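Structure first, commentary second.
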Amino acid sequence: MQMNRGLAFFTFLVFLFLLGPLLIISVTSFEGGSVLKFPPEHLSFKWYLNIFDVQMFISTFKTSIIVSLMGNLFALVLGIPAAYALSRFDFKGKKLLDAVFISPILIPGIVLGFSFLRYIVGTYQLPIYTALFIGHTIIMLPFIIRVISSSLSNFDFSIEEAAESLGASKVKTFFIVVLPNIKSGILAAVMIAFLESFNNVDISVFMTGPGISTFPIQMLTYVENYFDPTIAAISVLLMVITAFFMFMVERLMGLSYFTKR
Amino acid sequence: MKTRYMYLLMLPGILFLTVFMIIPIVLTIGTTFTDGSGITLDGYLTFLKDRYFLDILFTTLRVSLLTTLICIILGFPAAYYISKLGGRMKAVLLLLTIFPLLTSSVVRSFSWMIIIGRNGLLNKMLLGMGIIHEPLDILYTPTAIIIGLVHLFLPLLIVSLVGVMENIQHDLLEAAESLGASKAIVFLKVVLPLCVPGLVIGSILVFVGSFTAYTTPALLGGKQRVISTFMYQNAITLNDWQVASIVATIMIVITFAVIACMNALARKLNPKG
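Going line by line, the protein sequences match chains L and D.
With the first letter of the first sequence counted as 1, position 111 gets the number 111 in the numbering used here; the numbers rise by one all the way through.
Positions in the second sequence are counted from 1; adding 1000 to them yields the numbering used here.
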């Protein structure tokens, strides 16, 4: 009992360390003065309004949303069939192919970003915007495949066999039987992948050009030049979005995905 | 027939990754071994003699190692506590662990600038309490990078550990205790070995993540370079793609060496897993 209480207190301190800074940044966003302060001296929403005055925040926010959504769509098209094949069958080279599909997580992001800049923008001569989109598709792919595979592992494939034995074609079975059953897994995958892409710095930092940048990169640039509470206000908005997405993922498939490796 | 159909399903993804990821990376590594006329290791040799670069490499390794150790020290007890909780409380604590994990690294690093800066919260508190008389210079040092990285990766270690700890059967612990083992012995001989897979995966994620992290050192490290910010500087600011490629290759080699070593260690400690 004594030990348990000690452990509980220790855990409390760990959570204080994890969440305290996020709480502090939230509180400072309401500072009315021009310098970040904790606790704030005068309460005000003016830095929230300032977000909308900085044109670059608006345009990079749009870029980030478009790149994440388009990349997500493309990653789904590539990832759903792959996730299905990887979880449905056992075959030669499965381990290797599995590793290839997970590799974008293992290769250092900053190395990926640089090789994109050097070869996709440099040698392949693709426009920066396309390169940005391809890069984000690649980093979303492992998350899409992992979450959907984990959803497929709960699917009873005998239902699929039943449909086929009743005369449905493979393709028809997939769309009518399999897909609706993993719908919530797909939605959860989309949300997790979206957050990964939207928050990505390592790859995006190489993919900026005239008039092209992403939201986190714009935040980094802003922090280098100003130390006012705008970033704190943005942080609060981002945390609200994150909390909403997390709530949705929890509803759709629970949080077991995160603890399963 | 069936096999061919499966490979076909994976083909688009594999092709996409090959063209846009594998080939660019292999080419990046490949160029570091030539000087335009033939195969050479000169690039690496000049590097391994360069004190400035070695300094950055060892700082990065030290920072990553310390981050991993601190994450284990903080994360292991917390994960153990979470895994022993039941129902609602456990779900809440897991939500609170995953929330920071999904929050932007820019936001999380920036929050530490407010806390550990020269005029930050920590200095104000310590000065106010009379514990220190001069503000501490923590921001823009390796210590600041370590604090930021622990904050970034601790949730990752906790969720990895909770994952394996959940699967430990409590009958097993009771059996050991009924056979006369003390709580401490049960922990050391039963709980700890069963946690090894989670501990290894979690540590790999933390170490590799810290070793290659860009945002946190860029914001909290100031002039203190680590290997990723050094690579970025060479690629973008100095436009020296050859040096950047060599650094990229060194990062890949160290990353995969660490993963391989840790996996080998895991097999040794836990032959069944």
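Quick reminder that beta carbons are idealized off the backbone N, C-alpha and C, glycines included.
Just so we're clear, the structure is a prediction, and the values are computed from it rather than from any experiment.
The alpha helix (DSSP H) enclosing residue i, as first and last residue numbers
i: Thr1059 (chain D); result: Arg1051 to Lys1084
i: Glu250 (chain L); result: Thr230 to Met253
i: Phe57 (chain L); result: Gln55 to Arg88
i: Pro1197 (chain D); result: Leu1192 to Thr1212
i: Ala131 (chain L); result: Ile128 to Leu152
i: Val121 (chain L); result: Run containing Val121 (chain L): none; DSSP gives neither H nor E here.
i: Thr1103 (chain D); result: First-last for Thr1103 (chain D): undefined, no H or E at that position.
i: Phe1020 (chain D); result: It is not in any alpha helix (DSSP H) - Phe1020 (chain D) carries neither H nor E in the DSSP assignment.
i: Ile203 (chain L); result: Run containing Ile203 (chain L): none; DSSP gives neither H nor E here.
i: Val1243 (chain D); result: Trp1241 to Leu1269
i: Phe215 (chain L); result: Phe215 to Asn225
i: Ala168 (chain L); result: Looking at the DSSP string, Ala168 (chain L) is not in any alpha helix (DSSP H), and its letter there is neither H nor E.
i: Ala1184 (chain D); result: Lys1183 to Val1186
i: Phe258 (chain L); result: Ser256 to Thr259
Helix, strand or coil at residue i according to DSSP, with G and I counted as helix
i: Thr1097 (chain D); result: helix
i: Gly209 (chain L); result: strand
i: Ile1132 (chain D); result: coil
i: Thr1141 (chain D); result: coil
i: Gly1034 (chain D); result: Residue identity check: residue 1034 (chain D) is Thr in the sequence provided, not Gly. The answer is strand: DSSP assigns Thr1034 (chain D) an E or B state.
i: Met1001 (chain D); result: Per-residue confidence for Met1001 (chain D) stands at a pLDDT of 47, beneath the threshold of 50, marking its modelled position as unreliable; the derived number appears in the next sentence. Here Met1001 (chain D) sits in coil by DSSP.
i: Ile1039 (chain D); result: strand
i: Gln1169 (chain D); result: coil
i: Val1107 (chain D); result: helix
i: Lys92 (chain L); result: coil
i: Lys1223 (chain D); result: coil
i: Leu13 (chain L); result: helix
i: Phe194 (chain L); result: helix
i: Leu1238 (chain D); result: coil
i: Gly1273 (chain D); result: Caution applies to Gly1273 (chain D), whose pLDDT of 48 falls short of 50 and renders its modelled position unreliable; the value that the coordinates give is listed next. Note: Gly1273 (chain D) maps to coil in three-state DSSP.
i: Ala99 (chain L); result: helix
i: Pro108 (chain L); result: coil
i: Asn1119 (chain D); result: coil
i: Lys37 (chain L); result: coil
i: Ile1025 (chain D); result: helix
i: Gln1233 (chain D); result: helix
i: Ile182 (chain L); result: coil
i: Gly1148 (chain D); result: helix
i: Gly1180 (chain D); result: coil
i: Asn4 (chain L); result: helix
Integer Cβ distance of residue i from residue j, believed to fall under 8 Å
i: Thr1215 (chain D); j: Pro1155 (chain D); result: In fact, because the Cβ distance is near 16 Å, the residues do not count as touching under 8 Å.
i: Leu106 (chain L); j: Lys94 (chain L); result: About 18 Å; that fails the 8 Å criterion.
i: Gln1224 (chain D); j: Ile1145 (chain D); result: 7 Å
i: Glu250 (chain L); j: Leu1095 (chain D); result: 7 Å
i: Ala232 (chain L); j: Ile25 (chain L); result: 5 Å
i: Ala1213 (chain D); j: Val1190 (chain D); result: Not a contact, Cβ separation roughly 35 Å.
i: Pro229 (chain L); j: Trp47 (chain L); result: 4 Å
i: Val201 (chain L); j: Ser1105 (chain D); result: 6 Å
In DSSP terms, what residue i is bridged to
i: Leu43 (chain L); result: L:Glu31
i: Ile278 (chain L); result: Nothing can be reported for residue 278 (chain L): it is not among the residues displayed for chain L, which extend from 1 to 261.
Give, in chain order, every residue of the region 1034-1046 of chain D whose Cβ lies closer than 9 Å to some Cβ of chain L.
none
Given a limit of 8 Å on CB to CB distance, which residues of the region 1097-1111 of chain D reach chain L?
Thr1097, Ile1098, Phe1099, Pro1100, Leu1101, Leu1102, Thr1103, Ser1104, Ser1105, Val1106, Val1107, Arg1108, Phe1110 and Ser1111
Closer than 7 Å, Cβ to Cβ, to anything on chain L: give me those residues from the region 1139-1158 of chain D, in chain order.
His1151, Leu1154 and Pro1155
With 7 Å as the limit, tell me which residues of the region 1239-1258 of chain D have their beta carbon closer than that to any beta carbon of chain L; keep them in chain order.
For the region 1239-1258 of chain D, which is checked against every Cβ of chain L, the residues closer than 7 Å are Trp1241, Ala1244, Ala1248, Met1251, Ile1252 and Thr1255.
Chain D contacts from the region 72-101 of chain L (Cβ-Cβ distance under 8 Å):
Val77, Leu78, Gly79, Pro81, Ala82, Tyr84, Ala85, Leu86, Arg88, Phe89, Phe91, Lys92, Leu97, Val100 and Phe101
Name, going along the chain, the residues of the region 1046-1076 of chain D whose beta-carbon falls closer than 7 Å to a beta-carbon of chain L.
Leu1074
Relative to chain D, which residues along the region 111-127 of chain L have a C-beta separation below 9 Å, given in chain order?
Val111, Leu112, Gly113, Phe114, Ser115, Phe116, Leu117, Arg118, Tyr119, Ile120, Gly122, Thr123 and Tyr124
Residues of the region 30-58 of chain L whose Cβ lies closer than 8 Å to any Cβ of chain D, in chain order
Leu36 and Phe38
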